[in-house]
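The block underneath contains the structure these notes are about, expressed in structure tokens.
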Amino acid sequence: MAKMLYSATMSLDGFIAEHGGDMSWMKPYFGPNPEMDNIVDRIGALLVGRRTFEGDDPNKGTEHEGAFGGAWSGPTFVLTHRIPADPAPGITFMDDLESAVAAAKEAAGDKYVNILGAETARSCLDAGLLDEVLVCVAPVLLGDGTRLFERPGGDNVQLERISLTHGEFATNIWTRVLPR
1 MAKMLYSATM
11 SLDGFIAEHG
21 GDMSWMKPYF
31 GPNPEMDNIV
41 DRIGALLVGR
51 RTFEGDDPNK
61 GTEHEGAFGG
71 AWSGPTFVLT
81 HRIPADPAPG
91 ITFMDDLESA
101 VAAAKEAAGD
111 KYVNILGAET
121 ARSCLDAGLL
131 DEVLVCVAPV
141 LLGDGTRLFE
151 RPGGDNVQLE
161 RISLTHGEFA
171 TNIWTRVLPR
């Protein structure tokens with residue numbers, strides 16, 4: 001059965017996007033990273049928040065536009081409160097977290113459902129649906145923006161390290177979410 005994986009590139013001070021959702025800060029840190037390069041083959045579906053889906057792609061307008069530098073092709077589920085009247089082809093828009101997770105898991109088979117978007121990942125965590133987190137830490141301090149996880153007043157979430165690897169421009173920390 002599919003596992004729910006939240007993967008993101010993060011600045012050393014904990015941000016995945018600059019203020020306003022700008023993700024162009026990542027460009028200097030793209031480069032050889034075997035952990036991140038190999039993850040795409042292990043993903044069976046994406047679960048994406050609406051803001052991330054409509055957000056700032058650092059590769060927009062290039063051959064690398066899209067999830068995972070354009071390497072992703074497959075079922076994509078967008079979690080939103082505003083389902084468009086004319087959805088994009090090949091994209092499934094859903095307004096219920098548990099239904100979206102169930103549909104994404106079914107589509108993923110025995111591979112990962114990769115979550116894109118901090119709010120969607122937090123919702124999965126809060127609902128007890130998040131299994132693993134893979135963070136690619138880039139050596140930069142952004143100072144402000146969208147945090148990897150923000151849970152004001154939230155409790156601690158215990159993680160167990162699965163692996164620690166290094167790419168040319170970043171460090172990858174892969175963890176398992178422990179039961180509460």
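Residues in the sequence shown are numbered consecutively from 1, following UniProt numbering. Note that beta-carbon positions come from the ideal geometry of N, C-alpha and C, so glycine has one too.
Beta-bridge partners assigned by DSSP to F15: R147. Nearest Cα to C136 within the set L164, N156 and V113: L164.
Its Cα nearest to that of G154, the residue R122 stands out among R122, E35 and W72. In the DSSP annotation of this structure, I83 is not part of any beta strand (DSSP E), being labelled neither H nor E. By DSSP's assignment, I91 forms a beta bridge with T76. In the displayed model, G44 falls within a strand according to three-state DSSP. The Cβ atoms of V177 and L130 sit closer than 7 Å to each other. A Cβ-Cβ contact shorter than 7 Å links G55 with G21.
Proximity to G117 across P28, V48, G31 and M36 peaks at V48, based on C-alpha coordinates. Between the alpha carbons of R161 and W174 lies a distance of about 6 Å. In this structure V140 touches L12 by the C-beta definition: roughly 6 Å separates them, less than 8 Å.
When C-alpha distances from V157 are compared across A2, D126, G31 and M26, the shortest belongs to D126. If you draw a 10 Å sphere on the C-beta of S7, you find 16 or more other C-beta atoms in it, and that means buried.
Spanning the alpha carbons of E63 and I91 requires a straight line of approximately 20 Å. Across the structure, M36 and R82 are spaced so that their CA atoms are roughly 31 Å apart. The Cβ neighbour count for G143, taken over all protein chains shown within 10 Å, is under 16; the residue is labelled exposed. Restricting attention to D95, A85 and D86, the CA atom closest to the CA of F77 is found in D95.
Ranked by Cα distance from M26, the options P84, A170 and F93 are led by A170.
In the structure shown, the three-state DSSP call for N38 is helix.
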